[in-house]
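**Student:**
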Amino acid sequence: MLFALDFFMRRIAQGLIIVLLVALLIFTLLRVVPGDPVRIMLGPMVSPSVAEQTAKEMGLRDPVLVQFGRYVGQIAQGDFGRSFVRSAQGASTGGTRAADTFNAANRASVIGLIATAVPYSLLLAGLAFVFALALAVPIGIYAGLRSGKWPDRFALYLSSIFVSLPNIWLALVLIFLVSAKAGWLPAIGYKGFSYAILPAIVLAVELAPVFIRSIAVSVSGNLMEAYVSVGQIRGLSRSRMIVFHVFRNSLIPLLNTLGIQAVGVLLGSLFLIEYVFNFPGVGLLMINAVFQRDFPIIQAISILACVVLVVVNILVDFAATTIDRRLQY
Amino acid sequence: MNTSSKILDVQGLSVDLLLGSGARRPVLRDVSLSIEENRVLGIIGESGSGKTVLSRALINWVARPLEITGGKILYRGEDLVTLPQRQMQALRGRKIAYIGSDPGSALDPTIPIGHQIVEKLKAVEPGISTADAARRVVRTLDAVRIPSAAQRFQEFPFQFSGGMMQRVMIVDALVTQPDLLVADNITQPLDVTVAAQILRLLKDLQRDFNTAILFVSSSLGTLHDIADEVLVLSAGQVVEHQPFEDLLSAPKHPYTANLISDLPKIWEADTRNTGASIADKISDSEVVLSVRDISRVYSTKDPTKLFGKQHVHAVRGVSFDVHKGDSLGIVGESGCGKSSLSRLLSLLELPNTGQILFKGKDIARLNARGQLDLRKRFQLLLQDPFNAIPPHFTIGRTIAEPLRIHGMAGSAIRPKVEQVMQEIGLSLDLHDKLPVGLSAGQRQRVNIARAMVLDPELLILDETLSALDQVEQTKLLALFEKLQRERGITLLYISHDLGMVRRVCNRVAVMYLGRVVELSDNQTTFFNPGHPYTRALLSAVPSIEARPYDPEKYLLEGEPPNPINIPPGCSFRTRCPFAIEKCATIDPVLTPRAGEAFAACHLAKIVEAA
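Top line first, the protein sequences correspond to chains Y and C.
First residue of the first sequence: 1, per UniProt numbering; consecutive thereafter.
First residue of the second sequence: 1, per UniProt numbering; consecutive thereafter.
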């Protein structure tokens, strides 16, 4: 119990620092790239003096660190700001409406936009994990138990092929073949669960090789540990040793892979795949925000991604220490 | 002899090793043996004689590339060689148990030991309830004298010391009340006192559980304590089989005779072969190394407090002087601070308090230049000869490395390296070869050559010879004696092997819980020690000689206390059979007994007088 408290306090403190640094980096980079957000908010027709005044009112002319401090202060109160571009009704207003001044009140709140998008992304990511594990666990275990023989080689070749398929190409090919030609599954937008299957498959193909390798290596490694053969001398059957001991111990490297690699890969690919499939998740929101220089959304999603990564890692490490108590020391 | 009392009867067993090219090499040839109920059969042989293969073959654990090519292994009349896998599985663990030499890796590291033994019990005795099984395991844990058994039932393998883990494996083996226990070198990795405890325990248990034991060992001294009869194995063949006493007094085979005569004698009065002979010429010579009250504390995380730290007192106020030409032995059980001390002495770490003076200069205060200069005169040799040598350098390059570091001219290096190689006994052909394929002994010689090439004045040997077999050890000890005679170097042997220390050291420091408890000359240490811990260590040394210290009286139970919570007063009092009231409050300091002999015990004087 004490260990858990100590562990979480330590790791959450570390995590906060990481998130803060990432937020600062994103914040600074966004303000260094060319393109004035005021122009995007108000449109090209607005006079320079009005634009300048709006910018001043919004604090966009203050030093970056001052702006960042103000931003962190708002986040601490749960306020991620409002979109520069999107109206509260959902439409994008990108300056064409010739508004004289920028009125924040009629813009959508960032937290609201993200909250609507997150469930879709969670569904897609969860489905991708299920597909990837359903494929990788049997293949990885079989390869690990028959290390050096044909199942091991099969697993390696399959992983190599999967790794070499560019996800964007695979997405387009699947949309064309499965959706457009055969008509088995819908592909564009979201009107029901079946819309998530095709993009999830694309993501799973990208994730599976990482899992297969990790499982195969740890299973074959654990199989060679002395306690497995000693267990058989002690009177336990080989299958019992494999199911109850080898698999259990192989879980730790798999968890680590899940935490560090898989979530990282997923966060990256999710943006692209959602965009290709026009899937209304966080990724699509992000890509559109980047095109529109909608800083508050970009910042919030970046911070969110960072938080997810940090939290998943803390949980994964904690799970690992409960499986293998040696890690607590 | 009627067959019914024979539990195991092996007839003409042969095992081959299949080599890659279809060739085969015999590992066991025509081995026959039998063991009766309640008897202990010892099997001895040097490394490579086939002991381990034999002990595994007896439980039908022979896997590729090994193959049984002939013979029968009859267990109560049933041939195990032809027994179907399923029935063998049931027999193993239940009626025939096996304990190996590596208890640390025998169980799944992530599951509490009790649960694993229960798992086994349920597998070999179907129908037993988990609660019953757990009760039986706790009872057996108690029987092997594991303190607070119920609590340790829930602990993980890594929380047990080597000795305690070996007890756990004994529990695992005996919990089903087998008729036959195969014990393969089970005391080999343990400290002498712990090994002696395990042997004593096994003897008691054998009586209580009526188990026949097949005890495999490479040390005759160990078998002396346990075996009724001994079978000598050499190159895969049984060369002799006799009751133990007859074997000692009248060995039939020359191999056995050699084995017995080559054993280092510890208690022999003849000092020709021991360090005592070189004891006289020293002591008045110059002090090379002076250690003054050094201590070292390591901080680790305290799992019982939030963000807490706890302090491991590894070395606590150690002082001694080493004279030029001395061979000082530092002995003690694992965890007593020997290795921490060697790290401090070799300047890998600095002491928290105290001073180490090398020829009068404090080594902690040296600048980088001074340290480099010091290291030239001051070499450390470690136990593992495999990881200490870079695999991609030629042997000549490895030995020359220190000379390059210390800036020797290029042309002078090769002759110097070759000279040292000859002196150490390395063939000059090896100069341009890689260390691949060298034996442990040869590798250790490369290590020694690398140290000696700098002409050091002090060598610290931290368990340098422990990994080598008897024969190789003897050769290297002779080499060190020669080097010492010819060059007058000073040697510091850090070792747990009292037999070796008896042979080569003129002075001995005994360490317990980070402190030197006795510092005496060789003769006094072995024949008139002032500290009860020294006597306990001596009583535990396996030997075929008659021992002056009766284990029944002197051998300790339990293990040293945790160096985090050292008891107040004398730190040895918790295990000391002679502790008096004073010991609980006053920590005894190292006090002179006679001449060069010191002991840290309130009773030291009294013992000497008695």
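For glycine and all other residues, C-beta sits at the position ideal for the given N, C-alpha and C.
1) Which partner residues does residue 598 of chain C have in the DSSP bridge list?
2) Does residue 169 of chain C come out as helix, strand or coil in the three-state DSSP assignment?
3) List, in order along the chain, the chain C residues whose C-beta lies closer than 8 Å to that of residue 325 of chain Y?
4) Taking the straight line between their C-alpha atoms, what separation do you get for residue 114 of chain C and residue 156 of chain C?
5) Report yes if the CB atom of residue 198 of chain Y is closer than 7 Å to the CB atom of residue 182 of chain Y, and no otherwise.
6) Between the alpha carbons of residue 527 of chain C and residue 321 of chain C, how many angstroms are there, rounded?
7) Between C/459, C/478, C/510 and C/465, which lies nearest to residue 489 of chain C when the distance is taken from Cα to Cα?
8) In chain order, what residues of the same chain lie with their CB nearer than 8 Å to the CB of residue 83 of chain C, ignoring the 5 residues before and after it?
9) Take residue 209 of chain C as the anchor and find which of C/36, C/146, C/178 and C/97 has the nearest alpha-carbon.
10) Rounding to the nearest angstrom, what Cα-Cα distance links residue 18 of chain Y and residue 247 of chain Y in this structure?
11) Beta strand (DSSP E) containing residue 142 of chain C: first to last residue?
12) Counting only C-beta atoms, is residue 298 of chain C closer than 7 Å to chain Y at any point?
13) For the segment 242 to 275 of chain Y, which residues have a CB atom closer than 7 Å to at least one CB atom of chain C, in sequence order?
14) Let me know the secondary structure DSSP gives residue 550 of chain C once reduced to three states.
15) Under 7 Å between beta-carbons, which chain C residues line up against residue 230 of chain Y? List them in chain order, please.
16) With 16 as the cutoff for other CB atoms within 10 Å, does residue 25 of chain Y come out buried or exposed?
17) Between residue 491 of chain C and the rest of its own chain, which residues show a CB-CB distance below 7 Å, the 5 nearest in sequence each way excluded?
18) Short check: CB of residue 402 of chain C to CB of residue 348 of chain C, under 7 Å?
19) Excluding the 5 residues flanking residue 172 of chain Y on each side, which residues of the same chain have their C-beta closer than 6 Å to its C-beta?
20) What ranges does the alpha helix (DSSP H) occupy inside the segment 205 to 262 of chain Y, keeping only unbroken runs of at least 4 residues that lie completely in it?
21) Of the choices C/71, C/510, C/121 and C/568, whose alpha-carbon is the least far from that of residue 341 of chain C?
22) Just the C-alpha distance for residue 210 of chain Y and residue 125 of chain C, rounded to the nearest angstrom, thanks.
23) Please report the Cβ distance between residue 70 of chain C and residue 14 of chain C, rounded to the nearest whole angstrom; I am assuming they are in contact, meaning their Cβ atoms lie under 8 Å.
24) In the DSSP output, what is residue 511 of chain C paired with across the bridge?
25) Got a sec: is the Cβ-Cβ distance from residue 233 of chain Y to anything in chain C below 7 Å?
26) For residue 27 of chain Y, collect the residues of the same chain with a Cβ closer than 8 Å to its Cβ; drop the 5 residues on either side in sequence, then sort them by chain order.
27) Verify the CB distance criterion: does residue 319 of chain Y have a CB-CB separation below 7 Å to chain C?
28) Starting from residue 217 of chain C and walking both ways along the beta strand (DSSP E), at which residues does that stretch end?
29) State the start and end residues of the unbroken alpha helix (DSSP H) segment that holds residue 32 of chain C.
30) Count the other CB atoms within 10 Å of the CB of residue 275 of chain C; is the residue buried (16 or more) or exposed (fewer)?
31) Find the residues of chain Y that neighbour residue 59 of chain C, judging by a C-beta separation of less than 8 Å, and give them in chain order.
32) So what's residue 293 of chain Y in DSSP terms, helix, strand or just coil?
33) Taking only beta-carbon positions, decide if residue 177 of chain Y is within less than 7 Å of chain C.
34) Check the Cβ-Cβ distances between residue 13 of chain Y and every residue of chain C, and say whether any is below 7 Å.
35) In three-state DSSP terms, what is residue 16 of chain C?
36) Using the rule of at least 16 other Cβ atoms within 10 Å of the residue's Cβ for burial, across every protein chain shown, is residue 392 of chain C buried or exposed?
**Tutor:** Per the coordinate set shown:
1) Per DSSP, C/519 and C/592.
2) It is helical.
3) At a C-beta separation below 8 Å, residue 325 of chain Y has these neighbours in chain C: 110, 156 and 158.
4) So the alpha carbons of these two residues sit roughly 9 Å apart.
5) Contact: no.
6) Distance between the alpha carbons of residue 527 of chain C and residue 321 of chain C: 22 Å.
7) In this structure, C/459 is the residue among C/459, C/478, C/510 and C/465 with its C-alpha nearest to the C-alpha of residue 489 of chain C.
8) The answer, listed in chain order, is 60 and 91.
9) Out of C/36, C/146, C/178 and C/97, C/178 has the C-alpha closest to the C-alpha of residue 209 of chain C.
10) Looking at the backbone, the Cα of residue 18 of chain Y and that of residue 247 of chain Y are separated by about 33 Å.
11) The continuous stretches of beta strand (DSSP E) do not include residue 142 of chain C, which lies in the alpha helix (DSSP H) extending over residues 130 to 143.
12) No - not a single Cβ of chain Y is within 7 Å of the one on residue 298 of chain C.
13) Taking 7 Å as the upper bound on Cβ-Cβ separation, chain C lies near residues 245, 248 and 249 of the segment 242 to 275 of chain Y.
14) The answer is coil: DSSP assigns residue 550 of chain C none of H, G, I, E or B.
15) 100 and 106, listed in chain order.
16) Exposed, since its Cβ has fewer than 16 Cβ neighbours within 10 Å.
17) Excluding sequence neighbours, residue 491 of chain C sits near 327, 459, 461, 480 and 484.
18) With contacts defined as CB atoms closer than 7 Å, residue 402 of chain C and residue 348 of chain C fail to qualify as a contacting pair.
19) Answer for residue 172 of chain Y: no residue qualifies.
20) You should have 226 to 233 and 247 to 257.
21) For residue 341 of chain C, the closest of C/71, C/510, C/121 and C/568 by C-alpha to C-alpha distance is C/510.
22) Looking at the two C-alpha atoms, the distance is approximately 42 Å.
23) Right, their Cβ atoms sit about 4 Å apart.
24) According to the DSSP secondary-structure assignment, residue 511 of chain C is paired through a beta bridge with C/516.
25) Yes, residue 233 of chain Y lies at the interface with chain C (some Cβ there is under 7 Å from its Cβ).
26) Result list for residue 27 of chain Y: 64, 67, 68, 71 and 299, in chain order.
27) Not closer than 7 Å to any Cβ of chain C, the Cβ of residue 319 of chain Y fails to qualify, so no.
28) Membership of residue 217 of chain C in the beta strand (DSSP E) is indicated by the continuous run 212 to 217.
29) Note, residue 32 of chain C: premise wrong, no alpha helix (DSSP H); beta strand (DSSP E) at 24 to 36.
30) Residue confidence for residue 275 of chain C is low, a pLDDT of 46 falling below 50, so the modelled location carries little weight; the figure read from the coordinates is stated next. Of the other Cβ atoms in all chains shown, 16 or more fall within 10 Å of the Cβ of residue 275 of chain C; this residue is therefore buried.
31) The contacting residues are 233.
32) In this structure, residue 293 of chain Y counts as coil in the three-state DSSP scheme.
33) Closer than 7 Å: no.
34) Not an interface residue.
35) Three-state result, residue 16 of chain C: strand.
36) Sixteen is the threshold: since fewer than 16 other Cβ atoms of the shown chains lie within 10 Å of the Cβ of residue 392 of chain C, the residue is exposed.
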